[in-house]
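Heads up: take any position in the sequence shown, counting from 1, add 86, and you land on my numbering. Virtual Cβ for every residue (Gly too), placed ideally from N, Cα, C.
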Amino acid sequence: MPLPVTIALDASDLLTLSGVLVAVLAAVYSAKSARASHRQACAAEVALKQADEQLKLARGTLSESKRQNRIASHELQLKAFRALLAFASQTSANGIQFKQECVWELWEHARVAEFYFSTPVAKQLESIVDTALEIQSARDEWQLDSTFPQAERSAAVEKTYGLLKGLRVKLDTAEKLMREELRLVGDET
87 MPLPVTIALD ASDLLTLSGV LVAVLAAVYS AKSARASHRQ ACAAEVALKQ ADEQLKLARG
147 TLSESKRQNR IASHELQLKA FRALLAFASQ TSANGIQFKQ ECVWELWEHA RVAEFYFSTP
207 VAKQLESIVD TALEIQSARD EWQLDSTFPQ AERSAAVEKT YGLLKGLRVK LDTAEKLMRE
267 ELRLVGDET
């Protein structure tokens, strides 16, 4: 049996061998790192798809919430519009002799109109109520006060009817503005 051959390595061979060993280990580490990076990329892709689905659900929920708020606000707007129409019909039917209850019903809506109507509509409703109260006060002054001077009576009556004419213009303007805001053609997104 022959003796095994001894392999003698000098320093340069050992350095070359260790360099090859380091290169192999680096290649193995790179391969494992690449696989881990690929798994992380796949997981990130899945997470991104889930986030996109969550975003779509959140947008749908937001859209539905907006729609529900619009419906609730619309009901309040309709009540105010009906009060305006009732008051307008009172002034058309009775002139300056309109019922106080209609003014106070409209007053309730005018006080909170800024929360569910645009600023121009809210201000118009306030102006209508103020004018109606001014008409009532002026009317009661010359109609119910027996001490009211007869010489001033015709001027007071004329002023009251002038206020009524202005009130009717305000009522028409408010009705047009409110009709535009009340239209629900479709859901807004």
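Just how far apart, CA to CA, sit residue i and residue j?
| i | j | result |
| --- | --- | --- |
| Glu-257 | Tyr-247 | The amino acid occupying residue 257 in the given sequence is Leu; Glu does not appear at that position. About 15 angstroms. |
| Ser-123 | Asp-138 | 22 angstroms |
| Ala-129 | Ser-119 | 15 angstroms |
| Ile-182 | Arg-239 | 15 angstroms |
| Phe-167 | Val-243 | 30 angstroms |
| Ala-169 | Lys-245 | 26 angstroms |
| Ala-109 | Leu-103 | 10 angstroms |
| Ile-93 | Ala-117 | 33 angstroms |
| Asn-180 | Lys-152 | 41 angstroms |
| Pro-206 | Ala-260 | 9 angstroms |
| Arg-197 | Arg-269 | 22 angstroms |
| Leu-134 | Phe-203 | 41 angstroms |
| Phe-173 | Ser-149 | 36 angstroms |
| Val-91 | Val-132 | 58 angstroms |
| Asp-273 | Met-264 | The pLDDT assigned to Asp-273 is 49, lower than 50, so where the model puts this residue is not dependable; a value taken from the coordinates is nonetheless given after this. Near 18 angstroms, if we compare the C-alpha coordinates of Met-264 and Asp-273. |
| Ala-144 | Ala-158 | 21 angstroms |
| Leu-253 | Thr-217 | 6 angstroms |
| Leu-211 | Glu-191 | 12 angstroms |
| Gln-154 | Lys-262 | 25 angstroms |
Between which two residues does the alpha helix (DSSP H) containing residue i stretch?
| i | result |
| --- | --- |
| Ser-159 | 97 to 180 |
| Ser-204 | Careful: Ser-204 lies outside any alpha helix (DSSP H) and carries neither H nor E. |
| Arg-254 | 236 to 268 |
| Ala-94 | No alpha helix (DSSP H) contains Ala-94, which DSSP labels as neither H nor E. |
| Ala-196 | 186 to 198 |
Please name the residue in the options whose C-alpha comes closest to that of residue i.
| i | options | result |
| --- | --- | --- |
| Glu-161 | Ser-178, Lys-251 and Phe-201 | Phe-201 |
| Leu-219 | Ala-112, Glu-131 and Leu-250 | Leu-250 |
| Val-215 | Glu-187, Val-114, Ser-232 and Lys-142 | Glu-187 |
| Asp-226 | Gln-126, Gln-163, Lys-185 and Val-114 | Lys-185 |
| Ile-221 | Thr-177, Lys-209 and Lys-165 | Thr-177 |
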